[in-house]
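Engineer: Taken in sequence, the protein lines are chains A, B and C.
Taken in order, the first sequence gives residues 2 to 439; the numbers are from the numbering used here.
Taken in order, the second sequence gives residues 43 to 435; the numbers are from the numbering used here.
Taken in order, the third sequence gives residues 40 to 270; the numbers are from the numbering used here.
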Amino acid sequence: MEALVHNLKLSWHSIKRAPLPYALTLLILSLGLGTFFSNATLYYWMNRDPIPEKSQTLFMVRMNSVPGDCTDCFEPPRVMSYMDMQKMSGSGITSAEAAMYSSNAYAKTVENQQATPSQVELRVTQRDFFKLFNVPFLHGETWPDNNARMEVVISKNTATKFFSRTDVVGQDMLIDDQLYKVIGVLDEWSMLPRLYDVNGSRSAEPTEDIYLPLETAYDLAIQSNTQNSFFDVDWDGDMATYPQMARTNFVNQLQFWVQLDSPEKVQQYQQYLKNLVQDEKAAGRHTRPEGNKLDNILNVQKALRATNDQLDAFALVASLFLLVCVVNASHLSLNRYMANQYEFSLRRALGASRWQLQSQIMADVLLSSVLAFVAALVFAQLGLWTINSLLPGTRALASWDWQMLSVMALFVVLISYLVTLYPALKTSFSPLNQQLKQ
Amino acid sequence: MSVFLIIKSLLRRKVVTALLLLQLAVTLGLVVNSLLLASAAKELVDQPTGLSLEQILTVWVKPTSKTLRLQPALTDLISRQLTAVRQIPGVEAADFVNQIPLRQGGSNWNIFERDRQDESNVDSVPYYYTSEQIFQVLGVQLITGRLLTQQDWGIDNILLTEKLAKQLFAEQNPIGKVTNNGTVVGVVSDFYSQRYASHPFYGQIVFGPLHRAEQGYQLIVRVAQGQSEAVRKQLTDVIRNAEPQMDIGTVLRMDENRDDVFRSEIGLATLLSVLSGLMLLVAMISAYSHAHFHALQMQKEVGIKRALGASKARVLLDVLSESWLTTAIGAGFGILVCYGLNISLAKVISIPAVPVWLPLLTMLLLLLCVTLATWYPARIATRISPATATKTL
Amino acid sequence: MIQINNLSKIFRTDLIETHALRQINLQVNEGEFAALTGPSGSGKSTLLNVLGTLESFDQGDYLLDGRSVKGLSDRELSALRNEKIGFIFQGFNLIKDFSLYDNIELPLRYRGFSSAERKRRVEQSLETVGLAARRDYHPSQLSGGQQQRVAIARAIAGEPRILLADEPTGNLDSLMARQVMELLEKINQQGCTILMVTHDPDQARRANRHIQIVDGQLNDSSMYEPLAAGA
Ligand SMILES: Nc1ncnc2c1ncn2[C@@H]1O[C@H](COP(=O)(O)OP(=O)(O)OP(=O)(O)O)[C@@H](O)[C@H]1O
Ligand SMILES: [Mg+2]
Chain A
2 MEALVHNLKL SWHSIKRAPL PYALTLLILS LGLGTFFSNA TLYYWMNRDP
52 IPEKSQTLFM VRMNSVPGDC TDCFEPPRVM SYMDMQKMSG SGITSAEAAM
102 YSSNAYAKTV ENQQATPSQV ELRVTQRDFF KLFNVPFLHG ETWPDNNARM
152 EVVISKNTAT KFFSRTDVVG QDMLIDDQLY KVIGVLDEWS MLPRLYDVNG
202 SRSAEPTEDI YLPLETAYDL AIQSNTQNSF FDVDWDGDMA TYPQMARTNF
252 VNQLQFWVQL DSPEKVQQYQ QYLKNLVQDE KAAGRHTRPE GNKLDNILNV
302 QKALRATNDQ LDAFALVASL FLLVCVVNAS HLSLNRYMAN QYEFSLRRAL
352 GASRWQLQSQ IMADVLLSSV LAFVAALVFA QLGLWTINSL LPGTRALASW
402 DWQMLSVMAL FVVLISYLVT LYPALKTSFS PLNQQLKQ
Chain B
43 MSVFLIIKSL LRRKVVTALL LLQLAVTLGL VVNSLLLASA AKELVDQPTG
93 LSLEQILTVW VKPTSKTLRL QPALTDLISR QLTAVRQIPG VEAADFVNQI
143 PLRQGGSNWN IFERDRQDES NVDSVPYYYT SEQIFQVLGV QLITGRLLTQ
193 QDWGIDNILL TEKLAKQLFA EQNPIGKVTN NGTVVGVVSD FYSQRYASHP
243 FYGQIVFGPL HRAEQGYQLI VRVAQGQSEA VRKQLTDVIR NAEPQMDIGT
293 VLRMDENRDD VFRSEIGLAT LLSVLSGLML LVAMISAYSH AHFHALQMQK
343 EVGIKRALGA SKARVLLDVL SESWLTTAIG AGFGILVCYG LNISLAKVIS
393 IPAVPVWLPL LTMLLLLLCV TLATWYPARI ATRISPATAT KTL
Chain C
40 MIQINNLSKI FRTDLIETHA LRQINLQVNE GEFAALTGPS GSGKSTLLNV
90 LGTLESFDQG DYLLDGRSVK GLSDRELSAL RNEKIGFIFQ GFNLIKDFSL
140 YDNIELPLRY RGFSSAERKR RVEQSLETVG LAARRDYHPS QLSGGQQQRV
190 AIARAIAGEP RILLADEPTG NLDSLMARQV MELLEKINQQ GCTILMVTHD
240 PDQARRANRH IQIVDGQLND SSMYEPLAAG A
């Protein structure tokens, strides 16, 4: 302990003797680390598994059922029609399944009818949504079935915002001038990345405010605000006919998720889809080639080409930049050690063992690590701030938890050690006489 | 000093030299590719859109009451809003449209010629529900056939952009052809419609009322040259006065919409430019502190050389030419790195190939930076009196 | 060869002024081997540096080969040093990244000799100091005496008119010192003027002239003697 303090003191003195070179070395190192950390932070949040306890069992289904005879169209559309959804549901193979899309609306409470309504984000979905993604309820529960009903589940924040309390089960709400009853309030919940809906590169957005039954949404002609593709639809625009039209045409807006608990179930479901396509083809529908997709939740960003390529490219560049900075810093630290070499040799000549010199070097590493870590965090914050303001949809990805911080700290120590290693070896192991001769 | 001698002394410091070269090489590779991406993004953003970007304002609106969002109230609401907007001084034309060109996302229809669905089908073409002033607002030209008029209101007559017409009908006359979305009556000049549609310049225009406004709609305004700021200031208030129960988005000029569409690219380009700047800075710091660290050793060397009859200028040149040579060698390796990195980046994003002149230009830039950074410590070293420098310590 | 009149040198630091040389008059003739002695801090090195134009002076005049060095530009002074003056330092002052060959060649490069000429001269001077076999060694691989001989080889390779040596044997043992002295004498016999600072009375006696300096002032023992014939 005492030796460590002594060594730290020595390190500090040698820094003080030539503060500028040391500061520059530190600056370069922490610049590289900071840039790398800010990128790694985003990368981590974008690519982590948001639901590790069951990610292996969650799959998004797509089917190439849109009309047309195109023989080389193998890629199914990102969203499916109501008809597709109906055919896929009720297979008996899944342990949970739900179709969904996002929309938005204006909401207010019944008590406060005169207030200007505020905009809310909607998730139009089915009963199993909450089970699929382990969404915790604070009060109440999900719908008993998938039928249309004027009942909604709301997030905790929404409850607090509209009612100033959370236990609001049984209360009424006006959403786009329609009266709904609140049957459930969710507990604090977020999913990052929000993999259940990555279409339109929206995987970094927060979870929705209000959850609405799918059948109700079709009845009320609430449409998706993400993607809404009409294929061969012939409709006069009469809103009265919308519910019927949207359920029987290729009005594609749905994403469909299933939970398959074992690899056998996955197989079975794949077979189920195959059979489905064959039946359809036999009935003269599904004219495009078969293109069933059962994408695991962890692959869904790639499957929908919703990965943030800019971030990937930046990751590559940031890593190389780190390399440049590390190389640079070790070059500078080599210079620094060389400048002190005479002193080192003298101390060795005076009887300091190599081990003693090594522990001196370790004290150097420790000191540099602490300083570099702090500086790197500052630069990383700056970097995150810059990236957030430049690249859309990255704002939610900019926070650190303790785990990340400790990994970063470890990384800094490792890098500082690397940067100091060669110079240290060189100064403490090269032949004595050669150095003293100069 | 001779190149040979410099190389010899570099070889004696193998590790230091290798580190230096590696760093220079990677720096060059990164800077070149960053510049390349930045210029590609700029090209993308600056590509012709077929629209007078500075003279078009757009604003997204949505009635906050359900009844106003449905017919017949909606048509009446829109005409009240348009009448008010058209009276603002500086406004040349204004219209509503379900979605605006250039904006990311939106609604598409597939389109095909009735008799040739399989051969002619185009999957994703943005459609524009709008009315008569849209042509003046967008500033598009009639290529063939006729423009839509009041008589086409609510009838399935459509206009296509030139590129779409070419795709659907090749060399045939498109006028009178029947598609799943209606009969083609005219073709207008291309404009940038939607980035991720089947082709960015595909578009179809129909005249007719919006069925409803659940997703809101856009008001799009053509202003006289230089009037966009003046009009922008009043627009929100004018729309609100026409109907208070309105959610009104930000008024955007068309070039701002464009920048939004290319935000990722612009963002990455800016980020990489910043990073390039940092890298050059790091290279400069490194050159500077290298020279600085070596000042003592260098001073002695400089002193000896001066005693042997080298002038100050000569010594300065010696020091500089050492760093020039290392930079040049490093940059030489850098050219390899630069092509390698280009290939790896091309796997992730679209990036143009490296033109030959760019690495050379960057190398000059690097040389300049290194020269600047070496100059100062070298100057100081030459100022030390050789008598002091050669003194035995 | 060397002619200085009333030359003074003052070192000014923040606190004090040191009068390192006071009103010195000195003449050194072609072919002389002059020894410069004096107590430590008396100004020997300073005088040598002024003579070698490494240091400027404050008053008086200095004529080298009949030409005043006052007012010469850095470039002209450098050329003058390069052509006419050879230095030998107590600390050898070889460039450690260079081989012996490169060290000796360096001033010849400044002179602008062709590479064949440089080669000839380097080899010849290495021969003179007896280190021809080690031309590719680096300074750190040599003993002190050998290093000093390399320094001498470097100083004479350009065939200077005058050699200025500041305690050339100060760091050497007596055997090495004698070798170096013999070398210098040989060089002197070939016609090169030598001015050497030394603390060794024996060495001073071996020179054909003995100049003493005390507290920045000369006490030239040969001043009142007639000049050596043929000088
Ligand atoms: N660069 C300098 N700045 C200030 N004072 C100096 C400087 N160089 C020499 N001096 C002073 O000038 C005086 C003469 O110094 P010089 O080095 O010529 O002595 P010296 O006779 O060579 O001594 P020694 O035998 O110890 O080498 C000394 O008092 C010294 O302190
Ligand atoms: Mg001295």
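By construction, the Cβ of each residue, glycine as well, lies at the ideal position given by its N, Cα and C atoms.
Because the structure is a prediction, the values reported are computed rather than measured.
With H, G and I counted as helix, E and B as strand and the rest as coil, what does DSSP make of Ser166(B)?
Structural biologist: Three-state result, Ser166(B): strand.
Engineer: What did DSSP end up calling Lys109(A) once you bin it into helix, strand or coil?
Structural biologist: Reduced to three states, the DSSP call for Lys109(A) is strand.
Engineer: Return the CA-CA distance between Ala270(C) and Phe72(C), expressed in angstroms with no decimal places.
Structural biologist: Low confidence applies to Ala270(C): its pLDDT is 36, below 50, so where it sits in the model is not reliable, and the reading given next is rough at best. About 11 Å.
Engineer: Going along chain B in order, which residues have a C-beta closer than 7 Å to the C-beta of Ala314(A)?
Structural biologist: The answer, in chain order, is Leu310, Leu387, Val390, Ile391.
Engineer: Check whether the region 133–150 of chain A touches the region 207–227 of chain A, taking contact to mean three or more Cβ pairs, one atom from each stretch, closer than 8 Å.
Structural biologist: Segments in contact, yes.
Engineer: Can you tell me whether Glu364(B) is buried or exposed, with buried defined as 16 or more other CB within 10 angstroms of its CB?
Structural biologist: Label assigned to Glu364(B): buried.
Engineer: Are the C-beta of Lys438(A) and some C-beta of chain B separated by less than 8 Å?
Structural biologist: Caution applies to Lys438(A), whose pLDDT of 47 falls short of 50 and renders its modelled position unreliable; the value that the coordinates give is listed next. False, the Cβ-Cβ gap to chain B never drops below 8 Å.
Engineer: Write down the C-beta distance between Val62(A) and Leu261(A) rounded to the nearest angstrom, noting that I regard them as a contact closer than 8 Å.
Structural biologist: The pair is not a contact, with the Cβ atoms about 10 Å apart (cut-off 8 Å).
Engineer: Since Leu310(B) and Phe315(A) should fall inside the 8 Å C-beta cutoff, what is the C-beta to C-beta distance between them, to a whole number of angstroms?
Structural biologist: Sure, about 6 Å apart at Cβ, within 8 Å.
Engineer: I'd like to know if Leu46(C) contacts chain B, where contact means its C-beta is closer than 8 Å to some C-beta of that chain.
Structural biologist: No - not a single Cβ of chain B is within 8 Å of the one on Leu46(C).
Engineer: Across which residues does DSSP place Tyr101(C) in a beta bridge pair?
Structural biologist: Paired residues: Ile43(C).
Engineer: Quick check on the burial criterion: 16 or more other C-beta atoms within 10 angstroms. Buried or exposed for Leu322(B)?
Structural biologist: Burial call: buried.
Engineer: Between the beta-carbon of Ser318(B) and the beta-carbon of Leu317(A), is there less than 8 Å?
Structural biologist: For Ser318(B) and Leu317(A), no; Cβs fall outside 8 Å.
Engineer: If you check the beta carbons only, do Leu210(B) and Val164(B) fall under 8 Å apart?
Structural biologist: Yes. Within cutoff.
Engineer: If you count every other CB in all the chains shown that lies within 10 Å of the CB of Asp100(C), and 16 or more means buried, which is it?
Structural biologist: Classification for Asp100(C): exposed.
Engineer: Using the rule of at least 16 other Cβ atoms within 10 Å of the residue's Cβ for burial, across every protein chain shown, is Tyr270(A) buried or exposed?
Structural biologist: With 16 or more Cβ atoms within 10 Å of its Cβ, Tyr270(A) is classed as buried.
Engineer: Since Leu190(B) and Val227(B) should fall inside the 8 Å C-beta cutoff, what is the C-beta to C-beta distance between them, to a whole number of angstroms?
Structural biologist: The pair is a contact, with the Cβ atoms about 7 Å apart (cut-off 8 Å).
Engineer: Indicate, with yes or no, if ligand 1 has a heavy atom lying under 7 Å from the CB of Ser95(C).
Structural biologist: Result no, Cβ not under 7 Å from ligand 1.
Engineer: Could you tell me if Lys109(A) is buried or exposed, where buried requires 16 or more neighbouring beta carbons within 10 angstroms of its beta carbon?
Structural biologist: Burial call: buried.
Engineer: Quick one: Cα of Arg18(A) to Cα of Val357(B), how far?
Structural biologist: C-alpha separation (whole angstroms): 28 Å.
Engineer: Across which residues does DSSP place Tyr259(B) in a beta bridge pair?
Structural biologist: Tyr259(B) is bridged to Val103(B).
Engineer: Please confirm if Ala395(B) has its CB atom under 8 Å from at least one CB of chain C.
Structural biologist: No, no contact with chain C.
Engineer: What residue range is occupied by the uninterrupted alpha helix (DSSP H) comprising Leu27(A)?
Structural biologist: Segment 20–48, the alpha helix (DSSP H) holding Leu27(A).
Engineer: Residues of chain B with CB under 8 Å from Ser13(C), in chain order?
Structural biologist: Any question about residue 13(C) goes unanswered here, given that chain C covers just 40 to 270.
Engineer: Check whether chain A comes within 8 Å of Glu85(B), counting only Cβ atoms and requiring the distance to be less than that.
Structural biologist: Taking Cβ atoms only, chain A never reaches closer than 8 Å to Glu85(B), which makes this a no.
Engineer: Phe251(A) by DSSP, collapsed to three states: which one?
Structural biologist: Of the three classes helix, strand and coil, the one that applies to Phe251(A) here is strand, per DSSP.
Engineer: For a contact meaning CB atoms closer than 8 Å, what does Phe243(B) contact in chain A?
Structural biologist: Result: empty, since nearest Cβ-Cβ is about 19 Å, beyond 8 Å.
Engineer: Taking CB distances under 8 Å as the criterion, tell me whether Asp241(C) reaches chain B.
Structural biologist: Closer than 8 Å: no.
Engineer: Run through DSSP, which three-state label would Tyr6(B) get?
Structural biologist: One cannot answer for residue 6(B) here, as it falls past the ends of chain B, which runs 43 to 435.
Engineer: Is there at least one Cβ from chain A nearer than 8 Å to Asn150(B)'s Cβ?
Structural biologist: Judged by the 8 Å Cβ criterion, Asn150(B) is in contact with chain A.
Engineer: Going by alpha carbons, who is nearest to Ala429(B) out of Gly91(C), Ser47(C), Leu75(C)?
Structural biologist: Selected option, being the one with the closest Cα: Gly91(C).
Engineer: Suppose you measure from the CA of Gln436(A) to the CA of Ile134(C); what does that come to, to the nearest Å?
Structural biologist: Note on Gln436(A): pLDDT 47, under 50, position unreliable in the model; the coordinate value appears next. Distance between the alpha carbons of Gln436(A) and Ile134(C): 15 Å.
Engineer: Given that Asn163(B) touches chain A, what residues does it touch there, using C-beta distances under 7 Å?
Structural biologist: Residues of chain A passing the Cβ test: Gly69, Cys71.
Engineer: Does the distance from the CB of Pro137(A) to the CB of Phe335(B) come in under 8 Å?
Structural biologist: Cβ distance not < 8 Å, so Pro137(A) and Phe335(B) don't count as in contact.
Engineer: Work out the CA separation of Gln257(B) and Glu298(B) for me, nearest whole Å.
Structural biologist: Distance between the alpha carbons of Glu298(B) and Gln257(B) is about 21 Å.
Engineer: Thinking C-beta only, is Asn132(C) closer than 8 Å to Ile346(B)?
Structural biologist: Going by C-beta atoms, Ile346(B) is nearer than 8 Å to Asn132(C).
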